Amino acid sequence: MSVLRTKQLTKKFGDFKALDGVNIEVNKGEVYGFIGPNGAGKSTTIRVLLGMLKATEGEAEIFGMDAWKDAVEIHKRLAYVPGDVNLWPNLTGGEVIDLFV
Ligand SMILES: Nc1ncnc2c1ncn2[C@@H]1O[C@H](COP(=O)(O)OP(=O)(O)OP(=O)(O)O)[C@@H](O)[C@H]1O
Ligand SMILES: [Mg+2]
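Everything in the sequence shown is counted per my numbering, starting at 1167 for the first residue and increasing by one.
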């Protein structure tokens, strides 16, 4: 079963093509390493998969659902741990946790 799938995924920022026909398939039970040089489009791909950015063309699916249209349903079953986080510098770690719970 495919848990994550992109097909000919394309994302443009104005005239600039950040993603150009990306095809990924990750099946149940697989661990997938998504690597590439700076500016390759990793974060952009993840943002499309998380429903934060709308694809220009192509498909992005998680659990067989559309990453953009079905984002609310997908997010009930998905967790994302970002590599870089910008929180509130004036709050302590404990205060940030209190804010989220
Ligand atoms: N909001 C945006 N507006 C315009 N261009 C963007 C935007 N976001 C990303 N880009 C461009 O799209 C390309 C892909 O960027 P992206 O951040 O997805 O790469 P990355 O693989 O995550 O890089 P890094 O390894 O540095 O995190 C880069 O050329 C970047 O400058
Ligand atoms: Mg990145």
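Just so it is clear, CB atoms sit at the ideal spot from N, CA and C, and this is done for glycine as well.
Since the structure is predicted, the reported quantities are computational estimates derived from the model, not experimental observations.
Residue i to residue j, Cα distance in whole Å?
| i | j | result |
| --- | --- | --- |
| L1215 | T1258 | 30 Å |
| F1266 | L1244 | 17 Å |
| S1168 | K1194 | 6 Å |
| K1220 | E1239 | 16 Å |
| Y1246 | I1228 | 13 Å |
| A1226 | K1173 | 7 Å |
| A1206 | W1254 | 29 Å |
Could you have a look at residue i and say whether DSSP puts it in helix, strand or coil?
| i | result |
| --- | --- |
| L1265 | helix |
| L1253 | coil |
| E1239 | helix |
| K1208 | helix |
| V1214 | helix |
| G1224 | strand |
| G1199 | coil |
Measure how close the beta-carbons of residue i and residue j come, nearest whole angstrom, since I'm counting them as under 8 Å.
| i | j | result |
| --- | --- | --- |
| L1185 | K1177 | 4 Å |
| V1192 | L1175 | So it is not a contact: roughly 13 Å between Cβ atoms. |
On the DSSP bridge assignment, give the partners of residue i in chain order.
| i | result |
| --- | --- |
| K1173 | E1225 |
| N1193 | S1168 |
| D1232 | E1227 |
Does the contact criterion of 3 or more C-beta pairs under 8 Å hold for the stretch 1194-1205 versus the stretch 1247-1254? Segments in contact, no.
Quick test of the definition: if touching needs 3 or more C-beta pairs under 8 Å, does the stretch 1178-1185 touch the stretch 1227-1234? At 8 Å Cβ cutoff, the stretches do not touch.
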